[in-house]
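Trainee: For the record, the sequence lines run as chains F and X.
In terms of our numbering, the first sequence opens at residue 4 and continues consecutively.
In terms of our numbering, the second sequence opens at residue 34 and continues consecutively.
All C-beta atoms in this analysis are idealised placements derived from N, C-alpha and C, irrespective of residue type, glycine included.
Remember, it's a predicted structure, so these values are computed and weren't measured experimentally.
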Amino acid sequence: MTERPTEPRTDVPATSDTAITPPDSVVLRTGALSWLFPRRTALVSVGLALVIAVVVALATFASSTGLSAADTLGGLLGTGDRMTVMLIQDFRLPRILVGLMVGAALGVSGCLTQTLAGNRLATPDIIGVNEGATAAVVASVVGSSTAMVGDWWLGPLGAVGAAIVVVACAGGAGTRGYRVLVVGIGVSTLVGAVTDLVMSRQNENTAGGVFLWSVGSLNGRDYGVGRPLLLCLVVLLPLALIAGRRLDVMRFDDDMAAALGVNIRLVRGLTLALAVALAGVAVGIGGPIAFVALASPILAGRLYGPTRVPIVGSALVGAGLIAAADALGRVIAPVEIPVGVVTSVLGGPFLLWVLISGDGRARTGSPSRRSSRKG
Amino acid sequence: MTVANSTHDLVVERVEAGYPGHLAVRGVDLTVPAGRVVAIVGPNGCGKSTLLRTIARLHQPRSGTVTVGGADIWQLGQRRAAHLVSLLPQAPQAPEAVTVAGLVRYGRHPHQGLFRQWSRDDERAVRAALDATGTTELAGRRLDRLSGGQRQRCWLAMVLAQETPLVLLDEPTSALDLGHAVEVLELARSVAAAGRTVVMVLHDLMSAARYADVIVAMRDGEIVADGPSREVVDAALVRTLYGIDADVLAAPGDGSPVVVPAARTPRAPAAAPAPAAAGPGKARM
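1. Cα-Cα, which of 270/X, 287/X, 277/X is closest to residue 297/X?
2. Is the shortest distance between the beta-carbon of residue 143/X and the beta-carbons of chain F less than 9 Å?
3. Restricting to runs no shorter than 4 residues, where is the alpha helix (DSSP H) found entirely within the region 120 to 175 of chain X?
4. Against chain F, with Cβ distances strictly below 9 Å, would residue 111/X count as a contact?
5. Using a Cβ-Cβ distance cut-off of 9 Å, determine whether residue 27/F contacts chain X.
6. Here's the rule I'm using: 16 or more other beta-carbon atoms within 10 Å means buried, otherwise exposed. How should residue 159/F be labelled?
7. Output, in sequence order along the chain, the residues in the region 158 to 174 of chain X whose CB is closer than 8 Å to any CB in chain F.
8. Would you mind telling me which residues of chain X sit closer than 7 Å to residue 252/F, beta carbon to beta carbon, in chain order?
9. Of the residues that make up the region 248 to 268 of chain X, which ones have a beta carbon closer than 8 Å to any beta carbon in chain F?
10. Using CA atoms only, rank isn't needed, just tell me which of 147/X, 129/X, 207/X, 71/X is closest to residue 36/F.
11. Using the beta-carbon of each residue, which ones in chain F are nearer than 7 Å to residue 150/X?
12. DSSP three-state call for residue 288/X: helix, strand or coil?
13. Quick one: grab the DSSP three-state call for residue 38/F.
14. For the alpha helix (DSSP H) containing residue 320/F, name the first residue and the last one.
15. Would you mind sorting residue 217/F into buried or exposed? The rule is 16 or more other CB atoms within 10 Å of its CB.
16. Quick one: grab the DSSP three-state call for residue 160/F.
17. Could you tell me whether any Cβ in chain X is nearer than 9 Å to the Cβ of residue 255/F?
18. Applying a beta-carbon distance threshold of less than 9 Å, which residues of chain X neighbour residue 309/F?
19. Around the Cβ of residue 89/F, are there at least 16 other Cβ atoms within 10 angstroms (buried) or fewer (exposed)?
20. Tell me which residue opens and which closes the alpha helix (DSSP H) that residue 73/X is part of.
21. With a threshold of 8 Å on Cβ separation, who are the neighbours of residue 161/X within its own chain once the five nearest residues in sequence on each side are excluded?
22. Got a sec, what are the start and stop residues for the alpha helix (DSSP H) residue 281/F sits in?
23. Determine the extent of the alpha helix (DSSP H) in which residue 260/F is found, giving its start and end residues.
24. Assuming residue 66/X and residue 105/X make a contact with CB atoms under 8 Å, what is their CB distance in whole Å?
25. From this set, 211/X, 133/X, 204/X, which residue's C-alpha is nearest residue 231/X's C-alpha?
26. Between the Cα of residue 72/X and those of 236/X, 181/X, 88/X, 173/X, spot the shortest distance and give me the residue it belongs to.
27. Apart from the five residues on each side of it in sequence, which residues of its chain come closer than 8 Å, Cβ to Cβ, to residue 51/F?
28. My guess is that residue 56/X and residue 45/X are in contact by the Cβ rule of under 8 Å, so how many angstroms apart are they, rounded?
29. Are the C-beta atoms of residue 272/F and some chain X residue less than 9 Å apart?
30. Going by C-alpha to C-alpha distance, which of 248/F, 255/F, 203/F sits closest to residue 142/F?
31. With distances taken Cα to Cα, identify the nearest neighbour of residue 166/F among 126/F, 343/F, 81/F, 32/F.
32. Using C-beta distances below 7 Å, list every residue in its chain close to residue 207/X, excluding the 5 sequence neighbours before and after it, in chain order.
33. Distance cutoff 9 Å, beta carbons only. Does residue 63/F sit that close to anything in chain X?
34. Secondary structure at residue 103/F, three-state DSSP: helix, strand or coil?
35. The beta strand (DSSP E) with residue 248/X in it runs from where to where?
36. For a cutoff of 9 Å on Cβ pairs, would you count residue 24/F as touching chain X?
As structure tokens, then:
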């Protein structure tokens, strides 16, 4: 047993009194009730909200059609000509808002799956969500003469269906997250192959209609899908926040978390269901937009620090990412680039950055796992 | 022995527990008064860990009951049970980059909620746990940058911060050198002296004999001996548990049993039989 004396580190100096209370937090107490407000969390959240506000403003004014800022403002306030008002209020704004919500859903979903699996590379598409949604949408298009992508709820339905198959095949959400992931990869591949087979038998017209959706696009998304999406988020996000407290503890091993009073099976099952529902809704509306579910929690983790599972942060980062990527895709080229393509292009370098960047913590679930007492 | 609160007796009744196709614990009865240190010993696969997991509400028994202070912990929810029983697993894993104080604060999780995030009780318990384990100076340090011995004391602090009447330790010394092992065992004693009950699984019969009030020896899922170490630990027990011949001596200090396994293959030069005065009972097997 090598017992190296730990050399003095440049860690937080150990002044006991400040160290006992969560560092850098405001404690609010009334009677038996008490709350903690970590300053960093609050500051970063406000900062991200400001960034999103700026992105939304830019996205509203950004245009590839040569609409001037004054025209846009007129459209926004409803004082411009009817075409501009319609363009801004009925097309651009709803699309931006739907993008924000889709991004938030993907971000939180990714955060939940990454935390469940204890692996930064575990995103909802690994448990078959994307392929399931795609299969459902493809099925809706096949045989339809218009080759239009069907109702938004087909995506979530397919996603939930695929996830149920995955979880059932894995023998329940169970005690081990990785088993679900392994089965998920298999089921995804299978469903994807069937989808490809079906697609290859279709005429080009049908295939083209599905293609745009299947790379991830917010084109033509309006309040018709925005309202149900908002409703889903209003229900699901608070649940994710409640799960977050337990997920913080589940970063310990299962035995320790259970000994600390967390019902592992229940929390794991509910979290998985939440992740699938959130990702399913997002994919159903925006298509399988790549990398947002992967990148948002990682970025949020860097911004918020490692003390908590960053649920709110992932939502904010995801929302900002999609809004920015969608605006970029609309403006950057004469013909709109789907948001999914933009995120893919940005996502590749991001993934490389994650893999090779400095502190290396993003690579694995947690380094403390390796330095547990067994070592 | 201060028996502070006898309502927190641990009572295990007719517990059978196991895995598909294998019964690891075969009808165990055990009563532990509050404020005692109990060591469960036995060979690998004797069911001691399964028994501990059953008491910790981690492994559901097929039959039988586990009660702490009269409450059947398998009838309670996970959270309520965590108010009565805490556990330090054998190789716990911490969240990444957690500080010592951060780790110990997690011990308060069962007492916290959406509207009770950081009470004065939490603060007092964390401070007391850090003090009791001598980790106050480490509070701001990162757990993964500490030595194994320091780390184990921090984990103990976390378990103590949970403030449960029953504290379970699964082989708390298995990865530690002699000095740090003794430190942890002394801590276990002081926890019991403060009125809590400590039940630990130990590999090392001599540590168990030295530091536990009660030895519970298991073999093949059953308790084969149960009582104060001086009465229970003898050559016959060592033979029953481990299938080896051994001399059991009395330690010069307090007479606690020291197990000296008989060497089957003779060694070339005669080895000094036992170290002198200090504490031969602490030696590992």
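Mentor: In this structure, then:
1. Residue mapping note: residue 297/X aligns to position 264 of the second sequence, counting from 1. Residue 297/X has its Cα closest to that of 277/X, out of 270/X, 287/X, 277/X.
2. Sequence index remark: in the second sequence, residue 143/X carries index 110 (1-based). Yes, residue 143/X lies at the interface with chain F (some Cβ there is under 9 Å from its Cβ).
3. 133 to 139, 153 to 165
4. Within the second sequence, residue 111/X is the residue found at index 78, counting from 1. Cβ-Cβ to chain F under 9 Å: yes for residue 111/X.
5. One-based indexing of the first sequence puts residue 27/F at position 24. No, residue 27/F does not count as interfacial toward chain X.
6. Reading the first sequence from its first residue, position 156 is the one you call residue 159/F. The residue is buried, with at least 16 neighbouring Cβ atoms inside 10 Å.
7. 159, 160, 163, 169, 170, 171, 172, 173, 174
8. One-based indexing of the first sequence puts residue 252/F at position 249. Chain X residues near residue 252/F: 139, 142.
9. none
10. The residue labelled residue 36/F in the question sits at position 33 within the first sequence. The shortest C-alpha separation from residue 36/F is found at 147/X.
11. Counted from its first residue, the second sequence places residue 150/X at position 117. In chain order: 37, 38, 39.
12. Residue numbering aside, residue 288/X sits at position 255 when the second sequence is read from its first letter. In this structure, residue 288/X counts as coil in the three-state DSSP scheme.
13. The residue labelled residue 38/F in the question sits at position 35 within the first sequence. Strand, per DSSP.
14. The residue given as residue 320/F occupies position 317 in the first sequence. Here the alpha helix (DSSP H) through residue 320/F covers 314 to 335.
15. Numbered from its first residue, the first sequence carries residue 217/F at position 214. Classification of residue 217/F: buried, given that the 10 Å Cβ count is 16 or more.
16. Along the first sequence, one-based indexing puts residue 160/F at 157. Residue 160/F: helix per DSSP, three-state reduction.
17. Numbered from its first residue, the first sequence carries residue 255/F at position 252. By this cut-off, residue 255/F is an interface position.
18. Taking the first sequence and counting its residues from 1, one reaches residue 309/F at position 306. Those are 128, 129, 130, 131, listed as they occur along chain X.
19. Your numbering for residue 89/F matches position 86 in the first sequence. Exposed, since its Cβ has fewer than 16 Cβ neighbours within 10 Å.
20. Looking up residue 73/X in the second sequence gives position 40. Note, residue 73/X: premise wrong, no alpha helix (DSSP H); beta strand (DSSP E) at 70 to 74.
21. Mapped onto the second sequence, residue 161/X falls at position 128. Correct list, in chain order: 193, 194.
22. Along the first sequence, one-based indexing puts residue 281/F at 278. Where residue 281/F is concerned, the enclosing alpha helix (DSSP H) stretches over 267 to 289.
23. Position 257 of the first sequence, counting from 1, holds the residue named residue 260/F. Unbroken alpha helix (DSSP H) run through residue 260/F: 257 to 262.
24. One-based indexing of the second sequence puts residue 66/X at position 33. One-based indexing of the second sequence puts residue 105/X at position 72. With 8 Å as the limit, residue 66/X and residue 105/X do not qualify as a contact, their Cβ atoms being about 18 Å apart.
25. For the purposes of this step, residue 231/X is taken as the residue at position 198 of the second sequence. Looking at the Cα atoms, 204/X is the closest of the given residues.
26. Translated into the one-based positions of the second sequence, residue 72/X becomes position 39. It is 236/X whose Cα lies nearest to the Cα of residue 72/X.
27. Position 48 of the first sequence, counted from the start, is the residue given in the question as residue 51/F. Excluding sequence neighbours, residue 51/F sits near 306, 316, 319, 320, 323.
28. Taking the first residue of the second sequence as position 1, residue 56/X is located at position 23. Taking the first residue of the second sequence as position 1, residue 45/X is located at position 12. About 16 Å; that fails the 8 Å criterion.
29. Stepping through the first sequence from its first residue, residue 272/F is reached at position 269. No - not a single Cβ of chain X is within 9 Å of the one on residue 272/F.
30. Position 139 of the first sequence, counting from 1, holds the residue named residue 142/F. Here the closest residue by C-alpha is 203/F.
31. Here residue 166/F refers to the residue found at position 163 when the first sequence is read from its first residue. When only C-alpha atoms are compared, the closest one is 126/F.
32. On the second sequence, residue 207/X is found 174 positions in, with the first residue counted as 1. Within the same chain, residue 207/X has close Cβ partners 123, 236.
33. Looking up residue 63/F in the first sequence gives position 60. Not closer than 9 Å to any Cβ of chain X, the Cβ of residue 63/F fails to qualify, so no.
34. Within the first sequence, the letter at position 100 stands for residue 103/F. DSSP places residue 103/F in helix when its eight states are reduced to three.
35. Reading the second sequence from its first residue, position 215 is the one you call residue 248/X. It spans 247 to 252 - the beta strand (DSSP E) in which residue 248/X sits, taken as one unbroken run.
36. Within the first sequence, residue 24/F is the residue found at index 21, counting from 1. Yes, residue 24/F counts as interfacial toward chain X.
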